[in-house]
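Going line by line, the protein sequences match chains R, Z and D.
So for the first sequence, the working numbering puts the first residue at 6; every next one is plus one.
So for the second sequence, the working numbering puts the first residue at 1257; every next one is plus one.
So for the third sequence, the working numbering puts the first residue at 74; every next one is plus one.
Using N, Cα and C, we set each Cβ at its ideal position, and we do this for glycine too.
Please read the structure below before turning to the comments.
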Amino acid sequence: MGPDTPALAHGGAVTTVQRPALPAHLAGAVADEAALRRFLHGLPGVDPVGVEARAAALGTRSIKKQSKLDALDLAISMVDLTTLEGADTPGKVRSLCAKARRPDPDDLSTPQVAAVCVYPDRVAVAAEELAGTGIGIASVATAFPSGRSSMAIKLADTRLAIESGATEVDMVIDRGAFLAGEYGRVYDEIAAVKAECGAIRLKVILETGELATYDNVRRASWLAMLAGADFIKTSTGKISPAATLPVIHVMLQAVRDWRAATGQQIAVKPAGGIRTAKDAIRFLVAVHEVAGPEWLDPFYFRFGASSLLSDLIMQRRKQLSGHYWGPDYVTVA
Amino acid sequence: MPVWEYAPAPESAAIGRIKSRYQMFVGGRFVDGRGGDVPTINPATEEELATVSWASTDDVDDAVRAARAAYDTVWSKMSGLDRGKYLFRIARGIAERARELAVVETMDNGKPIKESRDADVPTAAAHFFYHAGWADKLAHAGFGPHPKSLGVAGQVIPWNFPLLMAAWKIAPALAAGNTVVIKPAESTPLSILVLAEIMADAGLPDGVVNIVTGAGDIGSYLVNHPGVDKVAFTGSTAVGKKIQTALAGTGKKVTLELGGKAANIVFDDAPVDQAVEGIVNGVYFNQGHVCCAGTRLLVQESVADEVIGKLQDRIATLRLGDPMDKNTDIGAINSAQQLSKITELSAVGDEEGAQRWTSPCPVPDKGFFFPPTVFTNVSQSMRIAREEIFGPVLSVLTFRTPDEAVAKANNTPYGLSAGIWTEKGSRILGMAAAMRAGVVWANTFNRFDPTAAFGGYKESGFGREGGRSGLAAYLDTDDETGSDEGTAA
Amino acid sequence: MAPRTTSKPAPAAATRAKAAPAKGTVAGSATSGNDVTPGRATSTASPVPVLKTYKLFIGGKFPRSESGRTYPVRGASGQFLANAAQASRKDARDAVVAARKAFGPWSAATAYNRGQVVYRIAEMLQGRCAEFVELLVAGEGAKPKAAAATVDAAIDRLVHYAGWTDKIAAVFGSSNPVAGPFFSFSTPEPTGVVAAFAPQQDSLLGLVSVIAPIVCSGNTAVVVASQAFPLPAVTLSEVLATSDVPGGVVNILTGDAAEMGTHLAAHADVNALDLTGVDGDLRTALARDAAGTVKRVYVPKQQPDFTRTPGTARLRAFLETKTVWHPTGAVSLAGGSSY
């Protein structure tokens, strides 16, 4: 772990991600709506108190010294620096990209972030700013954040992002359809967006806060992976609760189980509500101990955040300099 | 593949303020015993922590006398409210010196600092706080309107939860109006002696609690002492039987909290990831040095491979090592003696044909350590399915139907605890009813609380600790001849 | 206590009359002079009563001792009353088997059902109270009025315990307010098979006061009756047999407590002992025997006065407390638990 690690080797590049065919027992699960429902409802349940207890227990891991510095660098390299405001101007996006390129102007050994994340109609500005940097340009799509529109509009939204230069797409699933039990519809939408994306990596936002139970989080994770997601992502960041440790536990367990079943390693992204370096390190501990060290790489794990980056930088400086810092020393995005 | 090593994160040993020498606590004062000075070691390093002045039988006589005098002249005359106030002070004192106690406990016992800090010490404080509130409400405990205390309680506690067991014994005894002479285990005498300081600082009247240090002979002398009215023992079933035999016909009341070989039952519809956590917690918490440990996994055959696979993956992430490191999950085995017992019984498991799997975790080369171990293909007739190993060793058996699970779970002379993992509500309650065990954890494990009575069926002992029923051990509840006006509240 | 109307007396079978060369008279059994036979049918009935053979009560049946032994039971005036079965250790063993078999269904029955059964025992005892009065008078030399009061008290005792069955859980159980997102409750459960040594002197009231608290909470009992005064116990068996008490819930052995005691006290399938009816060295010896299997041993502090309303010590002595935990809460992701 450190600046030499090619942590960003995959982060921004457009890689051809070949998705092999599903193994037989999973192929049968997506044969039709009824099979899909049976499969999803047959997944093991999640005991909420138990998962929250494990999440809290892992939260007491004490990460110090070099392991803390390594974690901070890793976390920085995993940030999808985000602005998703109605008020986003080109200027705002440029300012964000500047921070993405140089998170800490006073310490150029600071890693770059993995990507920026913006609305589709701001992708072009970001693409211009970040050309040649290797930093990815993630765009939300599919009528983000609500997902309440027609398939045609959602696909057009996706196309806009890609044609503008997005290297990653963060779509939202149709939560209304999911909660109504229309799993086939949710599946079809994801598959259609993935087809539109081609080799561009697709993050599927589950909006776990609206799914409301851990059982649903597990089911939605599997549904997204069956449909071709490259990433499963917790939230739009627009509602609360967004990314919590217990929810990430369930998703990390799902990607681990998926790998055991298929050999494929799917990536995970928590987004929303992760504000401090301490939070981020807790997430990394969860990744490490629930999914496995193979996920400790920006290709397989991202943080969707904005103010988190500032705290990561401050904590990094503290580790290196030995004293505490203040916000005046960290640039605004 | 990236490797992320957690840097060592040691708790500061200095917080423990461990002295070079400790004395007994008799009649409100710290005094030398006449049993000689004996060292106590840190099982993680095998280094001497301190020396302790041990009691002789004469010291036990003195202690019983002090307890009797305190009972007759002070404690039995004091109002319940005032007795309770001393207990509240002690609860607060434990909370104030919590970190110090946790460090002392970890260094003397070998358990991870994470556990002594987050489980042992806070629960001990809670026991004092809970029982403090009972002291002036005994009329509402269900044993008649004027339940009386018994007198002097002689108590012997084990090495697995030294401070917590001291709290479980002392708090109810005092709340009910008795005075105490208590002997900690010979390998873990320190934390109770810090508790003695807390009790002295709380102004507890002299002689209400007396602590005599020593080994089995001192314990035996204490429980057989004619000046003791009530005996409470936590320890092995073998010793418990000896005590019950010795006390027959003496008129002394006795309660016993003995061994166990609990079944942790996982059904095919269990929330599997949490069940795996529950299995791990059930058998590896406190290095398996727990009477109520879930040492027999009974997994439904249809999901056995999946559960065992996930279990092994999860066990491999357990961190074994320096108990003072805040990231350590599994600490040291308490003594060389216990380590060899675990090693021997595990070898028996191999001989009897079970299949052993050991966690690939690194094991320190110094200190008493045993890596988490799982035996599969275990049958009921194997010794590792019947005998208490008291270490981080799990035996896995399968079952086909719920009835078979019940039969196997209950097929043991022990009956302390059981675990049930299933999503089906009526099965949770039905299995709980069917378990011949004093504590049933459903979709969870190893939960303790002073309000929830704890104790065994069958050869796991009798009598309860905690809750309303726990008070019965320390009260004269032989109300053969109640009045028509109402007995139980 | 309100006087009860005496029902028509049952044909007297408990006593032998001098002039009656009864069938099967055992050699050496003395027949004394003009014995009073209260309640004996007069005039038109046959002058030769059918004498009862007093047997054991095991598994709802009335077997003789497998050893074939009996011992003479004498009345207050030394008169021969009957031969009682002298139970052996094998009878005790069989009784334990019956009690264990009955424990499953009896403990699984609803408390309401058990209450109704215990109340039925009271009903049946009420119906036969004259017979029991006779037994007490002849056997122990009790004055008839005192004997009637004793029988009434025994009936009342049964009524008292019949009313306990469905209150035990509420009085001795609890919901535990644990400091975490768990529902925890503690509930009393019967311990299993209890071997009880009934009082040697108090042959009916004491007997009933020992048995009722054991069984009303769902335990089953193997009772060793008073050696000198076993007839009320065996007659009580008949009452039990007609009271919807399932076979094996109560088993009554007559004979020598010292002989049977150690086999019951050391028996690994007996969960608890009630040592009310033994004392001194035997009591200590049996308590020691019990330790080998960590039995729960009930030893009353002093000689109980069974005429007084009982407390709850005898109920609690044979109850275990089971504490159950289950997670609760976390209905949604937003609420979370208390971690």
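Other residues of its chain near residue i: CB distance less than 8 Å, five sequence neighbours each side excluded
i, result
"P28(R)", "A266, T267"
"K174(D)", "G132, G321"
Residue(s) in a DSSP beta bridge with residue i
i, result
"G394(D)", "The question names Gly, but residue 394(D) is Thr in the sequence shown. DSSP lists P261(D) as partners of T394(D)."
"R147(D)", "F153(D)"
"L122(R)", "Just to set this straight, residue 122(R) is Cys in the shown sequence, not Leu. For C122(R), which the question treats as bridged, DSSP gives the partners T87(R), A143(R)."
"G214(D)", "Partner(s): none; G214(D) has no beta bridge."
"Q1556(Z)", "F1655(Z)"
"Y127(D)", "A157(D)"
"I1586(Z)", "L1576(Z)"
Cut-off 6 Å between Cβ atoms - residues of its own chain near residue i, not counting five sequence neighbours on either side
i, result
"A215(D)", "L209"
"W398(D)", "F255, S257"
For residue i, the three-state DSSP class (helix, strand or coil)
i, result
"A269(D)", "strand"
"A1452(Z)", "helix"
"Q159(D)", "coil"
"E1644(Z)", "coil"
"R1575(Z)", "coil"
"K274(R)", "strand"
"Q1411(Z)", "strand"
"A1488(Z)", "strand"
"A1674(Z)", "strand"
"Y1262(Z)", "coil"
"G309(R)", "strand"
"E1679(Z)", "coil"
"V251(D)", "coil"
"V295(D)", "strand"
"Q1611(Z)", "strand"
"S1309(Z)", "strand"
"V1468(Z)", "coil"
"G1717(Z)", "strand"
"Y371(D)", "strand"
"F288(R)", "helix"
"V1634(Z)", "coil"
"D1732(Z)", "strand"
Partner residues on chain D for residue i, Cβ-Cβ distance less than 7 Å
i, result
"G55(R)", "P400"
"Q1500(Z)", "A364, V367"
Residue i: contacting residues in chain D (beta-carbon distance under 8 Å)
i, result
"A1513(Z)", "The question names Ala, but residue 1513(Z) is Glu in the sequence shown. Those within 8 Å of E1513(Z) in chain D number zero; the least Cβ separation is about 11 Å."
Chain Z contact residues for residue i, given Cβ-Cβ distances below 7 Å
i, result
"A323(R)", "Sequence inspection shows Lys at residue 323(R); the Ala mentioned does not correspond to that position. Near K323(R) there are no residues of chain Z at all, since even the closest Cβ is about 16 Å away, more than 7 Å."
"H30(R)", "Those do not exist, as H30(R) stays about 13 Å from chain Z at its closest Cβ, beyond 7 Å."
"K374(D)", "D1734"
Contact list for residue i against chain R, beta-carbon separation under 9 Å
i, result
"G1544(Z)", "Within chain R, no residue comes near G1544(Z); the closest Cβ sits about 18 Å away, beyond 9 Å."
"G1291(Z)", "Going along chain R, no residue has its Cβ under 9 Å from G1291(Z), so there is no contact; the nearest lies around 40 Å."
Closer than 7 Å at the beta carbon, the chain R residues around residue i
i, result
"P254(D)", "V54"
"Y1259(Z)", "Here residue 1259(Z) is Val; the residue named in the question, Tyr, does not match the sequence. The contacting residues are P298."
Close beta carbons around residue i, own chain, < 7 Å, minus the five adjacent residues each side
i, result
"S1682(Z)", "none"
"F1384(Z)", "L1343, I1346, A1347, I1350, A1423, A1427"
"P94(D)", "The predicted model places P94(D) with a pLDDT of 41, which falls under 50 and marks its position as unreliable; any figure quoted below should be read in that light. So the list is empty, once near-sequence residues are dropped."
"T213(R)", "V222, T239, S240, V252"
"V1320(Z)", "V1408, V1437, H1481, G1483, V1484"
Partners in chain D for residue i, counting only beta-carbon separations shorter than 9 Å
i, result
"V252(R)", "L406"
Interface residues of chain Z facing residue i [CB-CB closer than 8 Å]
i, result
"V51(R)", "P1527, D1529, Q1530"
"S72(R)", "W1260, E1261, Y1262, A1263"
Residue i beta carbon near the ligand MG (any heavy atom closer than 8 Å)
i, result
"A1432(Z)", "Absence of the ligand MG from the depicted structure is noted, as is the absence of any ligand whatsoever, leaving it without description."
> Going along the region 376-406 of chain D in order, which residues come within less than 8 Å of chain Z, judged by CB to CB distance?
Replying inline: Of all residues in the region 376-406 of chain D, P377, D378, R381, T382, P383, G384, T385, A386, R387, R389, E393, T394, K395, T396, V397, W398, H399, P400 have a Cβ within less than 8 Å of some Cβ in chain Z.
>> Please list, in chain order, the residues of the region 1549-1580 of chain Z that have any C-beta partner in chain R closer than 7 Å.
In response: T1573
> For the region 221-249 of chain D, which residues have a CB atom closer than 7 Å to at least one CB atom of chain Z, in sequence order?
Replying inline: V244, F245, S247, N249
> Mind listing which residues of the region 337-365 of chain D have their C-beta closer than 7 Å to chain Z's C-betas, in chain order?
Replying inline: R356, T357, A360, R361, A364, G365
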